[in-house]
Amino acid sequence: MPWLAQPQLWQALSWWVREVEVRAKRRGEAIPGANLPLATLGTFILWLGWFGFNGGSVLATATVDSANAVAVVFMNTNLAAAGGCIGALILAKIMFGKADLTMALNGCLAGLVAITAGPDTPSALQATIFGALGGLLVVFSITTLDKLKIDDPVGAISVHGTVGLLGLLLVPITNGDASFSGQIIGAITIFGWVFVTSLIVFFVIKMAMGLRVTEEEEYAGVDASECGLEAYPEFSPLK
């Protein structure tokens, strides 16, 4: 179709896409992802890597018992991710009227995060439920941060922070050696350490080179301002 080759069309589309991003940021709405197939692939890569991450935490496979423990961790890791995906999909359908892929992907990761604190003690059903709870929570957390206009483009705060806290608090349910008070103290300690060290590091970065780019560079895209290249040249104005 010849109209696809018109430069004016691509220029209009480019400015429209960027204007959508700016308007979304001002209204506190989520900015749509640029490449959902790659986001899906990235999620599956993380999902696969999580087996080594959690399974490797057993630290032994030389005996039958340790090998069985690794197998249980593998099973619970997979079930939690599946539960998180389903939980996020269902809630997204209820809240937005559609099955949101980005929420489903974050639900998968939330399920993985929710089970990581203690993947060896839950049953298969418990692991699935824990993952589903993570999937539900991550949807609420992402939408809340968007409304508060807190920058979290990929949902990392919600997945690793909010659901990470949930995962810590779920451990005592299946692990008799853990307590809720101990987990809460641990969570506060982790938060305090990360907050203070991050504050120092980011302050140094801000003083040395600046924490973020200008609004003009955000509008144009840092691929152009920092790298001198366009990630999506077909949507860029012709120069």
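The sequence shown maps to residues 24 to 262 in the working numbering.
From the three backbone atoms N, C-alpha and C, an ideal C-beta is built for every residue, glycine too.
Q: Would you be able to state if there are at least three C-beta pairs under 8 Å between the region 212-221 and the region 160-171?
A: no
Q.
Going by DSSP, what residue range makes up the alpha helix (DSSP H) through Lys170?
A. As a working note, residue 170 is residue 147 in the sequence shown. Its alpha helix (DSSP H) spans residues Ala147 to Lys170.
**Q.** Nearest to Gly107 (by Cα), restricted to the options Lys121, Val186, Gly130 and Asp143
**A.** Along the sequence shown, one-based indexing puts residue 107 at 84. For the residues Lys121, Val186, Gly130 and Asp143, the minimum Cα distance to Gly107 belongs to Gly130.
Q) For Thr197, which residues from the same chain have a beta carbon less than 8 Å from its beta carbon, with the 5 sequence-adjacent residues on both sides left out? A) Taking the first residue of the sequence shown as position 1, residue 197 is located at position 174. Setting aside the 5 residues that flank it on each side, Thr197 is surrounded in the same chain by Gly141, Thr144, Pro145, Ser146 and Gln149, each with a C-beta closer than 8 Å to its C-beta; the list follows chain order.
Q | Rounded C-alpha distance that separates Leu114 from Val245 | A | Along the sequence shown, one-based indexing puts residue 114 at 91. Along the sequence shown, one-based indexing puts residue 245 at 222. Near 34 Å, if we compare the C-alpha coordinates of Val245 and Leu114.
**Q.** Neighbour-count burial assignment, Leu193, 16 or more Cβ in a 10 Å radius
**A.** Here residue 193 corresponds to residue number 170 of the sequence shown, with the count starting at 1. Buried, since its Cβ has 16 or more Cβ neighbours within 10 Å.
**Q.** Val136 to Leu191 span [Cα, whole Å]
**A.** The residue labelled residue 136 in the question sits at position 113 within the sequence shown. The residue labelled residue 191 in the question sits at position 168 within the sequence shown. Looking at the two C-alpha atoms, the distance is approximately 10 Å.
Q | Closest by C-alpha distance to Leu64, when choosing among Leu132, Ser204 and Asp169 | A | If you number the sequence shown from 1, residue 64 lands on position 41. Checking every option, the nearest Cα to that of Leu64 belongs to Leu132.
Q.
Here's the rule: buried if 16 or more other CB atoms are within 10 angstroms of the residue's CB, otherwise exposed. What is Tyr255?
A. Stepping through the sequence shown from its first residue, residue 255 is reached at position 232. Under a 10 Å Cβ-count criterion, Tyr255 is classified as exposed, with fewer than 16 other Cβ atoms of the shown protein chains found around its own Cβ.
Q | Three-state secondary structure assigned by DSSP to Ser221 | A | Counted from its first residue, the sequence shown places residue 221 at position 198. It is helical.
Q) Taking the alpha carbon of Ile165 as the point to measure from, which residue in Phe153, Asp200, Leu128 and Thr151 has its own alpha carbon closest? A) Residue numbering aside, residue 165 sits at position 142 when the sequence shown is read from its first letter. Closest option to Ile165, Cα to Cα, is Leu128.
Q: To the nearest angstrom, report how far apart Gly187 and Leu234 are at their CA atoms.
A: As a first step, residue 187 must be located in the sequence shown, where it is residue number 164. As a first step, residue 234 must be located in the sequence shown, where it is residue number 211. Their Cα atoms are separated by approximately 26 Å.
(Q) Considering Cα atoms alone, identify which of Asn99, Gly184, Trp70 and Leu189 is closest to Leu168. (A) Along the sequence shown, read from residue 1 onward, the residue named residue 168 stands at position 145. Each of Asn99, Gly184, Trp70 and Leu189 was checked against the Cα of Leu168, and the nearest Cα belongs to Gly184.
Q: Give me the Cα-Cα distance between Met232 and Ala103, rounded to the nearest whole angstrom.
A: Taking the first residue of the sequence shown as 1, we reach residue 232 at position 209. Taking the first residue of the sequence shown as 1, we reach residue 103 at position 80. Distance between the alpha carbons of Met232 and Ala103 is about 41 Å.
Q: Can you have a look at Gly110 and say buried or exposed, based on whether 16 or more other CB atoms are within 10 angstroms of its CB?
A: Numbered from 1 along the sequence shown, position 87 holds the residue referred to as residue 110. Classification of Gly110: buried, given that the 10 Å Cβ count is 16 or more.
Q. In chain order, what residues of the same chain have a beta carbon less than 7 Å from the beta carbon of Leu189, not counting five sequence neighbours either side?
A. Walking along the sequence shown from the start, residue 189 turns up at place 166. Correct list, in chain order: Ala137, Leu156, Gly157 and Leu160.
Q: Given a cut-off of 8 Å, decide if Phe74 and Thr100 are closer than it, judged by their beta-carbon atoms.
A: For the purposes of this step, residue 100 is identified with residue 77 of the sequence shown, where counting begins at 1. For the purposes of this step, residue 74 is identified with residue 51 of the sequence shown, where counting begins at 1. The Cβ atoms of Thr100 and Phe74 lie closer than 8 Å to each other.
Q: Give a yes or no on whether the C-beta atoms belonging to Asp174 and Ser181 are separated by under 8 Å.
A: By 1-based counting over the sequence shown, the position of residue 174 is 151. By 1-based counting over the sequence shown, the position of residue 181 is 158. Here Asp174 is not near Ser181, since their CB atoms are 8 Å or more apart.
Q: Please report how far the alpha carbon of Val236 lies from the alpha carbon of Tyr242, in whole angstroms.
A: For the purposes of this step, residue 236 is taken as residue 213 along the sequence shown, with counting starting at 1. For the purposes of this step, residue 242 is taken as residue 219 along the sequence shown, with counting starting at 1. Cα to Cα, the separation comes out at about 10 Å.
Q.
Taking only three categories from DSSP, how would you classify Val95?
A. Taking the sequence shown and counting its residues from 1, one reaches residue 95 at position 72. In this structure, Val95 counts as helix in the three-state DSSP scheme.
Q. Tyr242 by DSSP, collapsed to three states: which one?
A. Looking up residue 242 in the sequence shown gives position 219. Look at Tyr242 here: in three-state DSSP terms it is helix.
Q: Would you decide whether Asp88 is buried or exposed? Buried here means 16 or more other CB atoms lie within 10 Å of its CB.
A: Counting from one through the sequence shown, the residue named residue 88 turns up at place 65. With fewer than 16 other Cβ atoms within 10 Å, it is exposed.
Q | Own chain residues within Cβ distance below 7 Å of Thr139, not counting five before or after | A | Here residue 139 is taken as the residue at index 116 of the sequence shown, counted from 1. The residues are Asn77 and Gly190.
Q.
If I measure Cβ to Cβ from Ala92 and keep anything under 7 Å in the same chain, skipping five residues before and after, which residues do I get?
A. Here the question's residue 92 lines up with position 69 in the sequence shown. These residues qualify, in order along the chain: Val81 and Asp143.
Q) For Pro256, which three-state DSSP category applies? A) Here residue 256 corresponds to residue number 233 of the sequence shown, with the count starting at 1. The answer is helix: DSSP assigns Pro256 an H, G or I state.
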